[in-house]
Structure formats: structure tokens, C-alpha cells
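Below is one structure, written out as C-alpha cells; the observations come after it.
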Amino acid sequence: MTYTETLTKYMTHFVDQLIYSGIEDVVISPGSRSTPLAMTFSEHSEVAHWVHVDERSAAFFALGLAKEKQKSVALVCTSGTAAANYYPAIVEAYYSRVPLVVLTADRPHELRDVGAPQSIEQIEMYGGYVKWFHDLALAEEGLLPYVRKQAARAVEESQSNHSGPVHVNVPLREPLVPDFSLEGLWNEGAKPIPKPFRGLPQISEQQAAFFEELFLSGKKGLLVCGPNTNSNLASNVTNLAARAGLPILADPLSQLRAGDHDKRNIIENYDALLKSDKWKVNLQPDFIIRLGAMPVSKAYLQWIQKHGASIDHYVVDTYASYREPSGVTTQFIWCDSGKFCKKIYERIDEDHLENDWLGKWQKMNTLAKSHMLTEQDEELNEGHVVVHLSNAMPDESVLFVGNSMPIRDVDSFFMSTPKRIRILANRGANGIDGVVSTALGVAASGQPTTLLLGDLSFFHDLNGLLLTKMHNLPITIVVINNDGGGIFSYLPQVDQGAHFEELFGTPIGIDFKAVVEMYGGAHKRVHTWASYKRSLEESYQEDGLSVVEVMTNRKDHVPFHKAKWQGVAEALENWNEA
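Numbering (the numbering used here), first residue to last: 957 to 1534.
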């Protein structure tokens, strides 16, 4: 058997097993050394392949695809620094628990560490940010069962326990072009490896009885739902809250603020409520049960750090982990969050329980919501950009949110809605890089998608817009342009004059219209609420890329938000004195 025949069968069995094990999408960046991988994926009829020339953007695109589909997505690149460009997205995937199968082509062993071109050290190059690493053997006869085993394991490792990225380094000798005219490709010579059966952990009856007793004890409790993608959580946690008479502090990424589940116990405005030192004390519970990661709200984190020593704290996570950045003493519960809630509420007979503790949170939430939604003037502001966006977005769609201020404004201004809108963000490492590409990966799944981000995040990932042109991906992008980093205006160094603007404010003064049109998109720059609402409505009629650029004044940013928080505090004070 010639080397080309050996390589071809080796690659076809490897790729076939990846697809058999569940890979439905592969994102490929062009390169020479990765030729066997790229061509074999393109030849297979049961996988969608996406091509993007920028590996950094391609990796975030794959992250978005995997995040939306909640399935492993493969990445393919050539050797050298191409693989290094994957690093930021791999870090995000690791911390946000998104399954990626990273396939980096490499020089064969004899060309490593000898000065060969486009050759760097790729062995375990992602360190502890991948769940599993394997340096694949070079293609040889008799290794078809081996290469299938590694492919199956790669997919399984990416999805087992907490999902995340895995890395398979693939050394390849020349010649690199496979011969797909050969007989018996794909599955002759080695059977596909079956997918493993997998179940989700549950608490025992004895443990469920403990929480039943806690909920019925009359103690003041809170359910806190942080960022979550568990599809069975919303109905189960709201059923539990109704039967136990507990408020739910719902992070915007919890998937609880939108949908057709019961929302009577959901408190969306807890961030505004907890900014008051007085109410931080008055709202202190006896126990907290948190499901999912720590919420976006900094006020909530500071509240826990200050008062957590006197609160019994429980954190539910599907598998063993220690996600508790507040530093308080915590009882971890390792089981599926939806099954946890269901097992307990089925033990509680009374439904829609009401009490003074729940009523207090509900009333305060209503007061806060009323004030947060009140428009004070005609000047554009980031908060009501979110309000009008939530009203305009179509049902059965996805809102992807950039970091820094956009996610915080969604936390403060995206209220409960019967629309079925999923809210996603890159909250693993919380970076502003790759946001456009990730959102386009979400859009590639077929769901109508809206991206909300700031001007710096948009600029940071403009290369991602090529994906809309290459793959005809429809997306509405709302860019809040305050010419710089608005979130830094809350830092103490804001009064440092020129140093602040140069080092933190970082105005870039770029006209995005020409950039958007270069990629074949429609661009509208708005200065009034009327034009903003009209542009949003029109954007959802566009077939491809539509960018709505909202011009705001960074100097008004902090005063607007502080006025809202002060108004909430005054409304609560007046209610308390009545």
C-alpha cells in the first residue's frame, strides 16, 4: 500500500469516527499542512463545513456554534502560529464549558525543533485550558482501530462531565493530498466505535428530604439563578419557587427572564435593589441556593462577600467543581439543577405559597422596574437601548450580549417577557475579544440572532464580519457607540484627565459605516429614539448583515446610571415610610 493510500484511509476513518460520534459542524481555516484534514471533512457528506481565513475569529465562530447547539464542534487549522490564534477562544470555551474538538495539523516528528518553516512547539500548547490532549500517531498501516478510538475519545472527552475543549495534534508527512477514488474508504477495515450511554447525577431521597425540611421551616430563603443553558431548569425552578414561596434572583443569562414559564416569583431588578447599603441588610436571607455560575451583578457579589458569613450558602452544579468566587463557606451540591428542583418540589404539596418575605421582594422589584423603565428625556442612553431592543426582537430568537457595559445594561433593563428569547454571552473569561464571531456562530445555527455590543468590542473583532459575507448569515448588530470604554468611567482614576482618556477611555473615532458596507451589510446611524426604533424594525426585514449604530455620549453614562439607582433607592424609601 502506498503512503497516499495509507494516509487517505487513516484520515477517512478518523473523520468518519468524529462524525459518527456526534460532530455535525467543522470550522476550517486554509493552510497547506492541514490539507488531509480539510479535504477529508469537505468530502464527507454528513458534516457542515465552514471556512474562515482568520483562525482567531474562526475559533470564536466555532465557540458560538457549539454554545447554541450545545454539541461539540470541530476546528481545523494548519501548523505554526495558526494554532496559537485559537488560544483566546479555547480559554473562553474552557471557562464557559463549551465543547470544542481542536485539530491542529503539525509537522512530522523529524521536522520539529530543527528550524523547519511554520513549525512551533504544539505539544500541549494550550496547557490546562483543554480537558484532554493527544498527539496523534503518524499514518501507518494497521492503525485504523487506533485512530477511530482517538476520534471517539476526543468527542466524548469534550462532552463528558463539564463540557469543554480538547486538543488533538495531528502530525502529517508529505504528500498531503488524499486520493478519494480509492475503494473502501470511510469504514472498511475497522468498525465505528459506539457512543457511550450517559446519565445526569441526582440527589438521594435523604438529601431531598433535607431541602424539603429547609424550605418548609419558615426560614427566609432565596433561589439565585446565574448563567445557565440547562433547558429543563426554567420550569422546574419556577415550580419549586411557587411551592416553597421563595423569590428567584434571575440573572439575564439564566434563561428565566424570557419564555412562557411562571414568572411571578422572578426578581429581575435585584442588582438595583442591592446597591443600597440599607436594603443589603434588610433583604438578608437565612439561606441561599444558587443554581449555575455566579450572576453578572457586582452588587450581588459584594452583598454575599459582606453578609455571607451569616447565610447558609448552597451551590448546585452538575458535576464536581468549585465555582464560588465570593469566598464564603459553601455547601456544594453536585447534580443536575433541573432534576434537583423537580425532586424537591414534588415533595411539597402546597402550590403558589405566598408570604411576607416573598411579597416584600415582589413589591420592591415592581417599584424598581417602574423607575428603571421610565424615560426621563429624549437623549439616547444605553439602558433604554436595551428596553426598546427587547420590545422589537422577534419571538424564538437569540440575543447575544457583549461584555463590559452591555451585559450589565441587559441585567438592569431586560425585563421579563413571554417571548422565547435566549440570552447568551461569553462569560467564561469575560473578554471583549471574539464577540462578533461568536454571535455569528450562534446565527449559523439558523436561529434569528441579535448582537448587542459596544464600539470597542465591535472594532476588536471586525474580521468576524467576513463570515456574514462568505456564508450569507443574517444578523442584526446593535453597536452602542460612546467612543470608548464606558465601563472604565466607574473607576477611581476617571478624574486623572489626559491619562484616563489615553489609557482607559481609549476613544477610537472610527466611522463604521464604510466597514459594514465593505462586508456587504446595511448600516444605520441613529441619534433619536424614533430613528432607533424604526431602524430596529427595518433590520429584522434584512436578509443579511444589518448594523444599527446608536450614538451616545460617554460623559452622560455614569450620571444616567447613578440617577436610576438613586431613584430606585428613593422609591423604596418612600414605600417603606408609607
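Built from N, CA and C at the ideal position, the CB exists for glycine as well.
- Check the Cα spacing between residue 1004 and each of 1010, 981, 1271, 991: the tightest is with 981.
- Counting along the chain, no alpha helix (DSSP H) covers residue 1481; the unbroken beta strand (DSSP E) around it starts and ends at 1478-1482.
- Separation of residue 1522 and residue 1229 (C-alpha to C-alpha, rounded to the nearest whole angstrom) is 10 Å.
- The Cβ-Cβ distance between residue 1342 and residue 1305 does not fall below 8 Å.
- Beta-bridge annotation (DSSP): residue 1004 is paired with 981.
- Residue 1343 carries a helical assignment under DSSP once its states are collapsed to helix, strand and coil.
- The alpha helix (DSSP H) runs of length 4 or more contained entirely in the region 1305-1373 are, from start to end of the chain, 1312-1329, 1338-1348, 1361-1369.
- The DSSP-derived three-state label of residue 1501 is strand.
- In this structure, the alpha-carbon of residue 1416 lies about 19 Å from that of residue 1508.
- Here residue 1061 is bridged, per DSSP, to 1126.
- Annotation: the continuous beta strand (DSSP E) that includes residue 1408 extends over 1405-1410.
- Of all alpha-carbon atoms in 1396, 983, 1098, 989, the one lying nearest the alpha-carbon of residue 969 is that of 1098.
- DSSP lists no beta-bridge partner residue for residue 1102.
- Pairing residue 1410 with residue 1016 gives a Cβ-Cβ distance that is not under 8 Å.
- Taking the CA atoms as reference points, residue 979 sits about 47 Å from residue 1240.
- Nearest in C-alpha terms to residue 1037, of all of 1197, 1012, 966, 1499, is 1012.
- Per DSSP, the unbroken alpha helix (DSSP H) holding residue 1195 starts and ends at 1189-1200.
- With respect to residue 1235, residue 1528 sits close: the two C-beta atoms are nearer than 8 Å.
- For residue 1250, DSSP records no beta bridge to any residue.
- Looking at 1100, 1157, 1148, 1495, the one whose alpha-carbon comes closest to that of residue 1116 is 1157.
- Of the candidates 1173, 1472, 1092, the residue whose Cα lies closest to the Cα of residue 1062 is 1092.
- Excluding residues up to 5 positions away in sequence, 1053, 1275 lie with their Cβ nearer than 6 Å to the Cβ of residue 1118 in the same chain.
- In chain order, 1035, 1036, 1037, 1039, 1040 place their CB closer than 8 Å to the CB of residue 1076, counting only its own chain and leaving out the 5 sequence neighbours on each side.
- The beta carbon of residue 986 sits closer than 8 Å to the beta carbons of 994, 1007, 1009, 1034 from its chain, once the five residues preceding and following it are set aside; these are given in chain order.
- Across the structure, residue 1292 and residue 1210 are spaced so that their CA atoms are roughly 15 Å apart.
- Three or more Cβ pairs closer than 8 Å define a contact, and the region 1311-1320 falls short of that threshold against the region 1280-1291.
- For residue 1238, the secondary structure class from DSSP, reduced to helix, strand or coil, is helix.
- Residue 1057 and residue 1404 have their alpha carbons spaced roughly 26 Å apart.
- Following the DSSP letters along the chain, one finds residue 1297 in no beta strand (DSSP E) but inside the alpha helix (DSSP H) bounded by residues 1293-1301.
- By the beta-carbon neighbour count (other beta carbons within 10 angstroms, threshold 16), residue 1072 is exposed.
- By the CB criterion at 8 Å, residue 1103 and residue 1113 fall outside the cutoff.
- DSSP places residue 1485 outside any beta strand (DSSP E); the residue lies instead in the alpha helix (DSSP H), whose first and last residues are 1485-1495.
- If the five residues before and after residue 963 are omitted, its C-beta is found closer than 7 Å to the C-beta atoms of 992, 1095, 1134, all from its own chain and listed in chain order.
- Here the region 1493-1500 does not lie against the region 1317-1327, with fewer than 3 beta-carbon pairs under 8 Å apart.
- Straight-line spacing of the CA atoms in residue 1384 and residue 1441 works out to 20 Å.
- DSSP places residue 1287 inside the beta strand (DSSP E), whose first and last residues are 1287-1290.
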